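Numbering (the numbering used here), first residue to last: 731 to 1057. Glycine included, C-beta positions come from ideal geometry on N, C-alpha and C. Just so you know, these numbers come straight off a predicted model, no measurement behind them.
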C-alpha cells in the first residue's frame, strides 16, 4: 500500500499501474481480470479511476499464485471469489491409474520464491518470470531502471530476484531451469536497452570487460557495461569464457585503462592470469602504459592480486572505473 510522509496509508489506495508493478503483471492483465471475472476494486475515484485497497490486492495475489501454477484464469478466478466450480461429470479413470495429485497446495508450494523481506518489485519480477510472461517482465524491468536508475535497480531488485530464482532451481531437482533462462535473457535485453552507444574517447580511456576462461556468467558484466555506458565511458565487452590468448591479444590491441575480469567461481578465478594482465605494457619506449586490473565477482574472494582493484559491488566498480578513466 502506498504511504504518505507520516507513514500512514493513503486512503485513496493504489492505482492499477502500481498494483500491476507489485504483482508482476501487465496493467492490461489487471484490467482484464476486473472486466472478465469481477476481480475489480471496491472503490473508484470520481466514479472512474480504479483505486485498489489491501483486500482487493490480496485477491489479485491469490489469482497470480494460482495462474502461476498453470490453473486457467477462469478457474482461478472462481477459486479466488469462492464460487463453486462448474458441474461436470467425472472423467473415467483406468483401474490402475495413479491417484490424482493434490489440487493446488503442493503446486503452490513449488511456485513460491524465497525473497524474504525483498521489496515488492522483486516479488513482481519473480511472479512474471514464473508465469513466463514476457510482456510483463519487460515492463517491470524497464520501469525499475527508469524509476531507480540502472545501478540501484540492479542491486536492489534484479540481483535479489535472480538469486531467488537460482536458489529455486538448485532446490527443486532441476525444475524451473526455463524460468532462470527466461529471466536472464530479459534482464540482458533490458540492460542493453538502457545502455546508450558511446564512441571511443581518448587513447587509453576505454575499458575492457571479459569473463575469465571457463566462466560463463555474463550478466553482472553486462550490468557494469551498461552502467558505464550511461556515464559515457567507452567499453569493449568480450563476454563469456574469453581464452587466455584472446584476452592478452585484446589488451594489446585496445590499450585499455581498465581490464575487468569476472569470475563467479573460485575454480575459474586465476590469480596468475590477473597478475599477467596487470604486468602487460604497450606504447613507445619512454611512455609505455599499463592497464589497471579489476577483479570482479565472488570467485576472487581470498585471491588478492597486488595492485588490482577489488570493488565489492556494481556502484563501487562504476565509480572506480570512472575515476581511473577520467583521472
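| Check | Outcome |
| --- | --- |
| 4 or more residues per run - each alpha helix (DSSP H) lying fully within the segment 974 to 1042 | 974 to 984, 1001 to 1009 |
| Nearest-angstrom Cα separation, counted from residue 992 out to residue 1023 | 11 angstroms |
| Pairwise C-alpha distance: residue 881 and residue 870 | 15 angstroms |
| One or two residues paired with residue 966 in a DSSP bridge | 938 |
| DSSP bridge partner residues for residue 782 (one or two, in chain order) | 744 |
| C-alpha gap between residue 920 and residue 946, whole angstroms | 19 angstroms |
| Distance, residue 897 Cα to residue 1057 Cα | 40 angstroms |
| Euclidean distance between Cα positions of residue 823 and residue 808 | For residue 823, the pLDDT reaches just 43, beneath the cut-off of 50, and the residue's location in the model is therefore unreliable, although a value from the coordinates is still provided. Distance between the alpha carbons of residue 823 and residue 808: 25 angstroms. |
| Exposure label - residue 782; buried when at least 16 CB within 10 Å | buried |
| The segment 936 to 953 contacting the segment 905 to 912, beta-carbon criterion three pairs below 8 angstroms | no |
| Top-ranked residue by Cα proximity to residue 796, from 762, 860, 786, 851 | 860 |
| Residue 857 (DSSP reduced to helix, strand or coil) | helix |
| Cβ shell of residue 883 (< 7 angstroms), same chain only, five flanking positions each side left out | 874, 875 |
| Burial state of residue 1035, where buried means 16 or more other Cβ atoms lie within 10 Å | buried |
| Simplified DSSP state of residue 930, which is helix, strand or coil | coil |
| Closest by C-alpha distance to residue 1030, when choosing among 1000, 877, 1006, 1046 | 1000 |
| Nearest-angstrom Cα separation, counted from residue 866 out to residue 745 | 17 angstroms |
| Residue 771 (DSSP reduced to helix, strand or coil) | coil |
| Buried or exposed by the 16-neighbour rule on C-beta atoms within 10 Å, applied to residue 835 | Reliability fails at residue 835, whose pLDDT of 34 lies under 50, so the model's placement of it is uncertain and no value is given. |
| Neighbourhood of residue 1050 by C-beta, 6 angstroms cutoff - its chain only, sequence neighbours within 5 removed | 1039, 1041 |
| Residue range of the unbroken alpha helix (DSSP H) whose run includes residue 961 | Residue 961 -> no alpha helix (DSSP H), and no H or E assigned at all. |
| Where residue 766 sits in the DSSP three-state scheme | helix |
| Residue 795 (DSSP reduced to helix, strand or coil) | helix |
| Exposed unless 16 or more other CB atoms sit within 10 angstroms - verdict on residue 1032 | exposed |
| Same chain only: Cβ atoms within 8 angstroms of residue 1048, ignoring 5 sequence neighbours per side | 881, 954, 957, 958, 961 |
| Exposed unless 16 or more other CB atoms sit within 10 angstroms - verdict on residue 930 | exposed |
| 7 angstroms Cβ shell around residue 1044 - same chain, five flanking residues per side excluded | 881, 884, 885, 953, 954, 957 |
| CB of residue 854 within 8 angstroms of CB of residue 768, strictly | no |
| Residue range of the alpha helix (DSSP H) that includes residue 803 | 803 to 811 |
| Three-state secondary structure assigned by DSSP to residue 754 | coil |
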